[in-house]
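Structure record follows, encoded as structure tokens.
Number of protein chains: 2
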Amino acid sequence: MSSNLIVQKYGGTSLGSLEKIKGVAKRVKKSRDAGKDVLVVVSAMAGETDKLLAMAHELSDLPERRETDLLLSSGERISSALLSIALHGMGCPAVALTGRQMGLVTDNTHTRARIKEINASRAIEILKTNHVVVCAGFQGVNDMGDVTTLGRGGSDTSAVALAAALGADRCDIHTDVDGVYTCDPRIVAKACKLERITYEEMLEMASQGARVLQTRSVEMAMKKGVRLQVLSSFEDVSGTLVVDEDEIVEEAVVSGIAYSRDEAKITLQGVLDQPGVAAKIFGPLADGAINVDMIVQNVSVDSGRTDLTFTVTMDDLQRAVAALESKREDIGYRQLLSDANVAKVSVIGVGMRSHAGIAQSMFKALAEKGINIQVISTSEIKVSVLVAEEYTELALRTLHTAYGLDAV
Amino acid sequence: MSSNLIVQKYGGTSLGSLEKIKGVAKRVKKSRDAGKDVLVVVSAMAGETDKLLAMAHELSDLPERRETDLLLSSGERISSALLSIALHGMGCPAVALTGRQMGLVTDNTHTRARIKEINASRAIEILKTNHVVVCAGFQGVNDMGDVTTLGRGGSDTSAVALAAALGADRCDIHTDVDGVYTCDPRIVAKACKLERITYEEMLEMASQGARVLQTRSVEMAMKKGVRLQVLSSFEDVSGTLVVDEDEIVEEAVVSGIAYSRDEAKITLQGVLDQPGVAAKIFGPLADGAINVDMIVQNVSVDSGRTDLTFTVTMDDLQRAVAALESKREDIGYRQLLSDANVAKVSVIGVGMRSHAGIAQSMFKALAEKGINIQVISTSEIKVSVLVAEEYTELALRTLHTAYGLDAV
């Protein structure tokens, strides 16, 4: 295990053209010239995965998952080979490795496989010969030797898993933004780049809609103690370090504000308020692998009936509605309402644990702007609210100011 | 070993669009519905390999061969996955296999590897479950588990090798022409499709410039006794069977006429006519892996010096000239002349073995049209001549008529 090793992951937009691939090669070579051992993990060139997926859907309404994995994995194989060729072209010896060659073994859940183990012996041997290793991200093999993929953003997870397996100094996630911000800078102009953020906060940011890192990669980094950095593929500036809480000297109460427009709300009116009804509602959804996020059950108002509201992702809305309508008799509700014009806004910070009143100040700030809160959910370090989608930007700016996050 | 198995290979132009892939899927399904076990071998979609190769060359003057193989093999993986998905979409169960998964093990010569063995156990198991097997052509793995490729047209060889390993009834090579013709129909309008041709003739046709089949695939089919058929990917007409000589009832003296414009002529004037000089000339060319095809040494005319003429492919011309100029002192020639405006025209037929005068009638026919023959080479079943390129079409039409091949 080299303690001199750095893992660098480059996303699709960083590899979107041959010019950009050359740029990445220069950046990798620079690290190696500075004396580092470098293992690179690459995504497919921007747009490639979507293009392949669209082709599959044109050929079949429901493309076989095993064949889809074989298809999609080609994107990362191509970019790993091209980056390795570009490195050779600059006199920097490199070896491209596929998921199988890097020993990334997964379970058999095609299109969203989970890593079972990494046998990185070949990568270790190659690093010893002073070559850069360029790994095709997003992919592994199952026990049968079939290609599997790790789901959208899976290259982040490949990178963290390899960094953990090889005991790398740090795992640098190079992307088209230069770090993690207090809020999306495209919406909140006063958003600031965070120098450090805790794993827990990053996890909440990622799962609440910030698209910087795949949620699973953060979970894995936290579990395995991999030091993560999110930084630019193009500029030479330091990014955001994702670290343990004890590495953060001065804790902010709120570190960041995330949002997701990928939400839809379903309300079942006139549900019988009796034991077992929740199981009747959420059972069919679970059977259809539909994830339910926020849930609110109103107080029973008339004759033992109540309303139940919950959220699912936009992708799942149609299937969720169909599943519930097919069970209408069984569940026994009066009416089903759905609303796709909603957004979830979340304030996140480990400091909440020791500070009371964060939720209250959030509700107050939103109320002052006339923003109605539809659903609320909280965790130890997060408060999320569902609002009408048209209020998203206003809510984000209001909260960013209210929690003192605006850049000076 | 199923004796009910048919191997079908589809080339890049047959898979050049999603519509065409659907067409191929229909054709495969039809064979399966007729009760056949089907193993399909696919090339990359038309243009894909060239596109990837151009990218590699833009990133490096001399792309690493190992990485180039990883890169290029993606094209066939994509088309195999897409065809398998299309088959599923039509209710025809299929499994796509990569070179590794079909057990195609090669030597370590990246970009032009040779097959060492095929362990087709997985394909056999899949066929037993009544699935179509869709193999990515052109690729295998070496002993280290690295991807190798079999050179241009390598999918033909993959198909024949799999047909041999599995004891298939026949190996059908589906392409954009509907068979092997007596001559290129784009040039000779009266060219006829051959119902049958011998392996030896097909081998000469392929190596003399007919682009229907990769030479190595014919060699392998001949050696392993695989019945080959060349036929259309688009039309439902029988093609050309490539068979043993004893399967041909009525032998034509000349079966076909091939040509190649990919030729260049080099003449060394004033070479010392003494033992060892040929080795001095061809040694440096062999060292540079430059294949020399036709060779003519003139009779010594003055003071023990002679002229020596030979041909190389266009690709190799610059390197051949450079190699010979660097050894000018050592070889001792007066002048080097090169000419890229030449073409090789070959008449081919196993019937030549028992018929005298084929070469003579060739020279006579060409002379009558005023076509000058620059170099001649012969084999047991072939006579080739080098002519000025501008005479190619005239030479082909003249010979086609002279040997009685014109369609009535």
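Residue numbers (my numbering), protein chains in the order written: chain A, 1 to 408; chain B, 1001 to 1408. Glycine included, C-beta positions come from ideal geometry on N, C-alpha and C.
Item	Value
Contact belief for A/Met45 with A/Gly75 at Cβ below 8 Å, rounded distance in angstroms	7 Å
Test item: CB-CB of A/Val180 and A/Lys193 under 9 Å	yes
Inter-residue spacing [alpha-carbon to alpha-carbon] between B/Arg1397 and B/Lys1382	17 Å
Segments of 3+ residues assigned as beta strand (DSSP E) that fall wholly inside the segment 133–210 of chain A	139–141, 147–149, 170–175, 196–198
Separation of A/His110 from A/Ser60, as counted between CA atoms	17 Å
Opening and closing residue of the beta strand (DSSP E) in which A/Leu15 lies	Unbroken run through A/Leu15: none, as it is neither H nor E.
Pick from A/Val321, A/Val242, A/Lys30, A/Arg334 that is closest to A/Leu273, judged by C-alpha positions	With the sequence shown as reference, residue 273 of chain A is identified as Asp, and Leu is not the correct amino acid for it. For the residues A/Val321, A/Val242, A/Lys30, A/Arg334, the minimum Cα distance to A/Asp273 belongs to A/Arg334.
Interface positions of the segment 58–69 of chain A facing chain B (Cβ-Cβ less than 9 Å), listed along the chain	Glu58, Leu59, Ser60, Asp61, Leu62, Pro63, Glu64, Arg66, Glu67, Thr68, Asp69
Separation of B/Phe1138 from B/Met1001, as counted between CA atoms	Any reading at B/Met1001 must be qualified, since the residue scores a pLDDT of 44, below 50, and its modelled position is unreliable; the value itself is stated next. Computed Cα separation, rounded: 23 Å.
For B/Ser1074, the first and last residue of its enclosing alpha helix (DSSP H)	1065–1089
Cβ pair A/Val254, A/Leu405 closer than 9 Å	yes
Identity of the residues DSSP links to B/Tyr1259 by a beta bridge	B/Val1345
A/Ile124, DSSP secondary structure in three states	helix
Chain A contact for B/Ile1257 (CB, 9 Å cutoff)	no
Interface flag, B/Ala1056 vs chain A, CB-CB below 9 Å	yes
Element boundaries [beta strand (DSSP E), containing A/Glu368]	Taken as a continuous stretch (DSSP letters only), A/Glu368 belongs to no beta strand (DSSP E), being part of the alpha helix (DSSP H) at 358–368.
Beta carbon proximity, B/Arg1100 to chain A, threshold 9 Å	yes
DSSP-derived helix/strand/coil call for A/Glu393	helix
Residues bridged to B/Ser1060 (per DSSP)	DSSP lists no partner for B/Ser1060.
7 Å Cβ shell around B/Thr1401 - same chain, five flanking residues per side excluded	none
A/Thr392 versus B/Gly1047 - alpha carbon distance	46 Å
Residue from A/Asp307, A/Val342, A/Val296 with nearest C-alpha to A/Thr313	A/Val342
9 Å Cβ cutoff met for B/Ala1264 and B/Leu1317	yes
Three-state class that DSSP yields for A/Leu285 in the structure shown	helix
Per-residue burial, A/Leu337 [other beta carbons within 10 Å of its own, 16 or more giving buried]	exposed
CA-to-CA distance, A/Asn4 to A/Ser384, given in whole angstroms	41 Å
Chain B contact residues for A/His131, given Cβ-Cβ distances below 7 Å	By Cβ distance, chain B contributes nothing, its closest Cβ being about 11 Å from A/His131, past 7 Å.
Residues bridged to A/Lys382 (per DSSP)	A/Ile348, A/Ser379
Beta carbon proximity, B/Lys1022 to chain A, threshold 9 Å	yes
C-beta neighbour in chain B for A/Ser84, strict 9 Å	yes
Residue-chain proximity (B/His1088, chain A), Cβ-Cβ < 9 Å	yes
Proximal residues of chain B, C-beta to C-beta of A/Gly145 below 8 Å	Arg1100, Gln1101
Beta carbon of B/Tyr1010 nearer than 9 Å to that of B/Val1038	no
CB contact check: B/Val1095 to chain A, cutoff 9 Å	yes
Exposure label - B/Pro1275; buried when at least 16 CB within 10 Å	exposed
Short Cβ contact (9 Å threshold) for A/Ile21 with A/Ser73	no
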